[in-house]
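J.: Letter by letter, the sequence shown follows residues 1269 to 1398 in my numbering.
Ideal Cβ positions, reconstructed from N, Cα and C, are used throughout, including at glycine.
So that we are looking at the same thing, I have put the structure below in C-alpha coordinates.
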Amino acid sequence: MDKRSQKERFDDGLKTRREVLGPAYVDKAMAGADDFSKPFVDLLNTYCWNDIWNRPGLDRKTRSMLNLAMLSALGKEHELKLHINGALNNGLTKEQIREVFLQVAIYCGVPAAVVAFRCAKEVFKDRGTS
(Lines of atoms letter the chains of each structure in order from A and count residues from 1; the text may use other names and numbers.)
(Lines give C-alpha, C1' and ligand atoms only; values in the text may rest on other atoms or scores of the structure.)
Protein backbone atom coordinates (compact mmCIF):
# COMPACT_ATOMS: atom_id res chain seq x y z
CA MET A 1 0.00 0.00 0.00
CA ASP A 2 1.13 3.51 -0.82
CA LYS A 3 2.35 5.17 2.41
CA ARG A 4 2.08 8.72 1.10
CA SER A 5 -0.63 11.05 2.32
CA GLN A 6 -4.07 11.07 0.75
CA LYS A 7 -3.32 14.55 -0.67
CA GLU A 8 -0.07 13.39 -2.31
CA ARG A 9 -1.84 10.41 -3.86
CA PHE A 10 -4.70 12.65 -5.02
CA ASP A 11 -2.27 15.17 -6.54
CA ASP A 12 -0.24 12.47 -8.31
CA GLY A 13 -3.43 10.90 -9.61
CA LEU A 14 -4.72 14.23 -10.86
CA LYS A 15 -1.39 14.78 -12.65
CA THR A 16 -1.66 11.38 -14.35
CA ARG A 17 -5.30 11.97 -15.23
CA ARG A 18 -4.38 15.28 -16.90
CA GLU A 19 -1.51 13.65 -18.82
CA VAL A 20 -3.71 10.84 -20.11
CA LEU A 21 -7.04 12.56 -20.72
CA GLY A 22 -5.80 16.07 -21.38
CA PRO A 23 -5.87 19.09 -19.09
CA ALA A 24 -8.90 20.74 -20.73
CA TYR A 25 -11.14 17.73 -20.15
CA VAL A 26 -9.92 17.14 -16.59
CA ASP A 27 -10.08 20.81 -15.59
CA LYS A 28 -13.67 21.00 -16.86
CA ALA A 29 -14.57 17.84 -14.94
CA MET A 30 -12.90 19.13 -11.78
CA ALA A 31 -14.69 22.48 -12.07
CA GLY A 32 -18.00 20.63 -12.14
CA ALA A 33 -17.33 18.83 -8.86
CA ASP A 34 -19.64 19.79 -6.02
CA ASP A 35 -20.34 18.59 -2.49
CA PHE A 36 -22.31 15.64 -3.85
CA SER A 37 -19.68 14.43 -6.32
CA LYS A 38 -16.50 15.36 -4.42
CA PRO A 39 -16.13 11.93 -2.74
CA PHE A 40 -16.34 10.31 -6.19
CA VAL A 41 -13.77 12.75 -7.63
CA ASP A 42 -11.48 11.95 -4.70
CA LEU A 43 -11.90 8.22 -5.41
CA LEU A 44 -11.15 8.69 -9.11
CA ASN A 45 -8.02 10.75 -8.62
CA THR A 46 -6.63 8.80 -5.69
CA TYR A 47 -7.48 5.19 -6.34
CA CYS A 48 -8.05 5.02 -10.08
CA TRP A 49 -5.55 7.54 -11.44
CA ASN A 50 -2.85 7.13 -8.78
CA ASP A 51 -3.09 3.75 -7.08
CA ILE A 52 -3.85 1.85 -10.29
CA TRP A 53 -2.60 3.93 -13.24
CA ASN A 54 0.69 4.72 -11.49
CA ARG A 55 1.47 1.14 -10.48
CA PRO A 56 4.75 -0.12 -11.96
CA GLY A 57 3.40 -3.44 -13.31
CA LEU A 58 2.05 -2.15 -16.64
CA ASP A 59 2.98 0.82 -18.78
CA ARG A 60 0.40 3.41 -19.81
CA LYS A 61 0.09 2.09 -23.35
CA THR A 62 -0.84 -1.35 -22.04
CA ARG A 63 -3.30 0.12 -19.55
CA SER A 64 -4.86 2.11 -22.39
CA MET A 65 -5.22 -1.00 -24.54
CA LEU A 66 -6.93 -2.81 -21.67
CA ASN A 67 -9.29 0.12 -21.11
CA LEU A 68 -10.20 0.25 -24.80
CA ALA A 69 -11.03 -3.45 -24.82
CA MET A 70 -13.00 -3.38 -21.57
CA LEU A 71 -14.96 -0.23 -22.38
CA SER A 72 -15.78 -1.64 -25.82
CA ALA A 73 -16.99 -4.88 -24.26
CA LEU A 74 -19.14 -2.96 -21.80
CA GLY A 75 -20.56 -0.66 -24.47
CA LYS A 76 -19.56 2.51 -22.62
CA GLU A 77 -19.29 4.84 -25.61
CA HIS A 78 -18.67 8.11 -23.76
CA GLU A 79 -15.84 6.64 -21.70
CA LEU A 80 -14.52 4.77 -24.74
CA LYS A 81 -14.14 8.01 -26.70
CA LEU A 82 -12.41 9.59 -23.74
CA HIS A 83 -9.98 6.68 -23.49
CA ILE A 84 -9.35 6.56 -27.25
CA ASN A 85 -8.07 10.11 -26.80
CA GLY A 86 -6.08 8.92 -23.79
CA ALA A 87 -4.63 6.03 -25.76
CA LEU A 88 -3.42 8.42 -28.44
CA ASN A 89 -1.97 10.67 -25.73
CA ASN A 90 -0.20 7.59 -24.31
CA GLY A 91 1.44 6.87 -27.66
CA LEU A 92 -0.81 4.23 -29.19
CA THR A 93 -1.05 4.43 -32.95
CA LYS A 94 -4.27 4.25 -34.92
CA GLU A 95 -3.10 0.85 -36.12
CA GLN A 96 -2.68 -0.43 -32.55
CA ILE A 97 -6.14 0.87 -31.64
CA ARG A 98 -7.53 -0.90 -34.70
CA GLU A 99 -5.91 -4.15 -33.57
CA VAL A 100 -7.49 -3.82 -30.12
CA PHE A 101 -10.91 -3.39 -31.72
CA LEU A 102 -10.37 -6.35 -34.06
CA GLN A 103 -9.62 -8.42 -30.94
CA VAL A 104 -12.82 -7.04 -29.40
CA ALA A 105 -14.77 -8.25 -32.44
CA ILE A 106 -13.59 -11.82 -31.89
CA TYR A 107 -13.92 -12.05 -28.12
CA CYS A 108 -16.74 -9.58 -27.34
CA GLY A 109 -18.75 -9.63 -30.54
CA VAL A 110 -18.99 -7.76 -33.79
CA PRO A 111 -21.62 -5.27 -32.51
CA ALA A 112 -19.23 -4.12 -29.77
CA ALA A 113 -16.49 -3.66 -32.36
CA VAL A 114 -18.82 -1.75 -34.68
CA VAL A 115 -19.42 0.79 -31.92
CA ALA A 116 -15.72 0.90 -31.05
CA PHE A 117 -14.66 1.56 -34.64
CA ARG A 118 -17.33 4.27 -34.97
CA CYS A 119 -16.14 5.93 -31.75
CA ALA A 120 -12.52 5.80 -32.93
CA LYS A 121 -13.39 7.39 -36.27
CA GLU A 122 -15.17 10.22 -34.42
CA VAL A 123 -12.18 10.79 -32.14
CA PHE A 124 -9.71 10.66 -35.04
CA LYS A 125 -11.83 13.18 -36.95
CA ASP A 126 -12.08 15.49 -33.92
CA ARG A 127 -8.31 15.32 -33.48
CA GLY A 128 -7.71 15.89 -37.20
CA THR A 129 -6.06 12.48 -37.66
CA SER A 130 -8.81 10.73 -39.67
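Would you call the stretch 1374 to 1393 and the stretch 1305 to 1317 in contact, with 3 or more CB pairs under 8 Å?
T.: The stretch 1374 to 1393 is not in contact with the stretch 1305 to 1317.
J.: Give a yes or no on whether the C-beta atoms belonging to N1353 and L1289 are separated by under 8 Å.
T.: Yes. Within cutoff.
J.: Report back the beta-carbon spacing between V1309 and A1299 to the nearest angstrom; my notes put them in contact at under 8 Å.
T.: With a Cβ gap of about 11 Å, V1309 and A1299 do not count as contacting.
J.: Take the Cβ of I1374 as the centre, count every other Cβ of all protein chains shown within 10 Å, and call the residue buried at 16 or more, exposed below.
T.: It is exposed - the Cβ of I1374 has fewer than 16 other Cβ atoms within 10 Å.
J.: Quick one: grab the DSSP three-state call for L1360.
T.: Three-state DSSP puts L1360 in coil, outside helix and strand.
J.: Do L1348 and L1339 have their CB atoms nearer than 8 Å?
T.: Yes, these two residues count as a Cβ contact at 8 Å.
J.: Tell me which residue opens and which closes the alpha helix (DSSP H) that T1330 is part of.
T.: Per DSSP, T1330 belongs to the alpha helix (DSSP H) from 1328 to 1342.
J.: Grouping DSSP H, G and I as helix and E and B as strand, with all else coil, what is N1322?
T.: It is coil, neither helix nor strand.
J.: Any idea what DSSP makes of T1284, helix, strand or coil?
T.: T1284: helix per DSSP, three-state reduction.
J.: With a threshold of 16 other CB atoms inside 10 Å of the CB of S1388, please say whether the residue is buried or exposed.
T.: Just to set this straight, residue 1388 is Ala in the shown sequence, not Ser. Result: buried.
J.: Report yes if the C-beta of G1343 is less than 7 Å from at least one heavy atom of the ligand ADP; otherwise report no.
T.: As far as ligands go, the structure on display features none, and thus does not contain the ligand ADP.
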